[in-house]
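**Q** Take this structure first; my questions come after.
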Amino acid sequence: MITIKHSYGADLDWIESFAKDFGGSTYGNFIYTDKNISTGTTYFLNTGEEDVVLLYIDVTYNADVHIIQSHEKQDFIGLYFNLTKGQILKTATDLSYDIGMLGYDVSIIDSLLETQYYISSGTKIYGICIFIKKMKIENFARTNENFSANIDKIMDAKKNTFIKFDHMSPETFKVLSDLRKMKVGGELFNINLMATGYHLVSNYIDQILNNDAIKKVTKNDLLKIINIQKDLINNLKEPFPSVRTIADKAHMSETKFKKLFRKVTGMTPNNFYLTHKLEKAKELLEKKTYSINEVCDQLQFSSYTYFIFQFRKYFGVSL
Numbered sequence: 005m006i007t008i009k010h011s012y013g014a015d016l017d018w019i020e021s022f023a024k025d026f027g028g029s030t031y032g033n034f035i036y037t038d039k040n041i042s043t044g045t046t047y048f049l050n051t052g053e054e055d056v057v058l059l060y061i062d063v064t065y066n067a068d069v070h071i072i073q074s075h076e077k078q079d080f081i082g083l084y085f086n087l088t089k090g091q092i093l094k095t096a097t098d099l100s101y102d103i104g105m106l107g108y109d110v111s112i113i114d115s116l117l118e119t120q121y122y123i124s125s126g127t128k129i130y131g132i133c134i135f136i137k138k139m140k141i142e143n144f145a146r147t148n149e150n151f152s153a154n155i156d157k158i159m160d161a162k163k164n165t166f167i168k169f170d171h172m173s174p175e176t177f178k179v180l181s182d183l184r185k186m187k188v189g190g191e192l193f194n195i196n197l198m199a200t201g202y203h204l205v206s207n208y209i210d211q212i213l214n215n216d217a218i219k220k221v222t223k224n225d226l227l228k229i230i231n232i233q234k235d236l237i238n239n240l241k242e243p244f245p246s247v248r249t250i251a252d253k254a255h256m257s258e259t260k261f262k263k264l265f266r267k268v269t270g271m272t273p274n275n276f277y278l279t280h281k282l283e284k285a286k287e288l289l290e291k292k293t294y295s296i297n298e299v300c301d302q303l304q305f306s307s308y309t310y311f312i313f314q315f316r317k318y319f320g321v322s323l
């Protein structure tokens, strides 16, 4: 296993050392890493607004890697939106979490905390990191009473540090998925990345203020829901099983299962399954290897007409 220790920041001072830590270099806004470690795209952007930096990551790890984040500057927080597929474990002091699509896919981490990832070879990481100076958050809290009153939801009061592991909303998932389809680099992408970053922050602040339902779900029940999500995503080429079938698999009553699934994902089980099936269909179509009919058959949509209707409804475009 390769061990890499690196630092982030809410400025651009860390960029060059970050690239060197990964055996690579920078060119423009791109960070290139040693291909023996990872391949793909890592791209940073200064938003033009002081004290906010965005980092776009879409890479595949080619080795088992232990990453230690120990920041040289401790005046910022990191807001991480993570759609990782694969095995990854994160520890913050004495806490351990599975993160990514089938775990905690949103996290807020104080730069005071040393954080570690254990990444298996073959893991595909996609996400956006937003680094914001704490002073900026403090200034926002002073002018927003609602946020100030709820700031304890993202803090560890005993240690006076920002830390929270959470689940992204369906809207956030779609925004991140849409951005991934764009060609990285250039003015148009920069505008979209910046807009996405601000949208993610705004959407998550709203989520913190208005939806804390996930805390009412026990760890055991949450694990069951996550395992069902995993099963559904791994079986997109099969027809949707009945809610009764998957509720039984989770050892819950149908009523309890539906309520908990919506609390965790923001969607019904059927809508969750359909959303991921449509994302998969779009991915297959963009490869231009399969016809619309072939994709429809592969993913077992009930009919061609139904597939076209749902695709247009979800993506806002016609096939």
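Residue numbers (our numbering): 5 to 323.
Every residue, glycine too, gets a C-beta built ideally from N, C-alpha and C.
Please classify Leu226: does DSSP put it in a helix, a strand, or coil?
**A** Three-state DSSP puts Leu226 in a helix.
**Q** Can you look up Val268 in the DSSP assignment and give me helix, strand or coil?
**A** Val268 falls in the helix class under three-state DSSP.
**Q** Just the Cα atoms here: how many angstroms apart are Asn239 and Gln78?
**A** Distance between the alpha carbons of Asn239 and Gln78: 43 angstroms.
**Q** Take every Cβ of the region 242–252, pair it with every Cβ of the region 190–204, and state whether three or more of those distances are shorter than 8 angstroms.
**A** With the cut-off at 8 angstroms, the region 242–252 and the region 190–204 do not touch.
**Q** Spatial neighbours of His280 within its chain, please: CB distance less than 8 angstroms, with the 5 preceding and 5 following residues excluded, ordered by chain position.
**A** The answer, listed in chain order, is Leu236, Ile237 and Leu240.
**Q** Using only the alpha-carbon positions, how far apart do Tyr130 and Lys260 sit?
**A** Answer to the nearest angstrom: the Cα atoms are 32 angstroms apart.
**Q** Could you check whether Pro273 and Ile296 sit closer than 8 angstroms to each other, using their CB atoms as the reference points?
**A** Cβ distance not < 8 angstroms, so Ile296 and Pro273 don't count as in contact.
**Q** Is it true that the CB of Gly44 sits closer than 8 angstroms to the CB of Asp62?
**A** Result yes, Cβ atoms of Asp62 and Gly44 sit closer than 8 angstroms.
**Q** Compute the Euclidean distance between the alpha carbons of Gly327 and Tyr310, then round it to the nearest angstrom.
**A** No answer is possible for residue 327: it lies beyond the span of the chain, which begins at 5 and ends at 323.
**Q** One question on the structure: do Asp38 and Gly28 come within less than 8 angstroms of each other, judged by their Cβ atoms?
**A** In this structure, Gly28 lies closer than 8 angstroms to Asp38 by Cβ.
**Q** Nearest-angstrom Cα distance between Ile72 and Phe26?
**A** Approximately 12 angstroms, taken between the alpha carbons.
**Q** Enumerate, from N- to C-terminal direction, the unbroken alpha helix (DSSP H) stretches of 4 or more residues contained entirely within the region 5–37.
**A** 19–25, all fully within the region 5–37.
**Q** Check the DSSP bridge columns for His70 and list the partner residues they point to.
**A** According to DSSP, His70 bridges with Thr7 and Tyr122.
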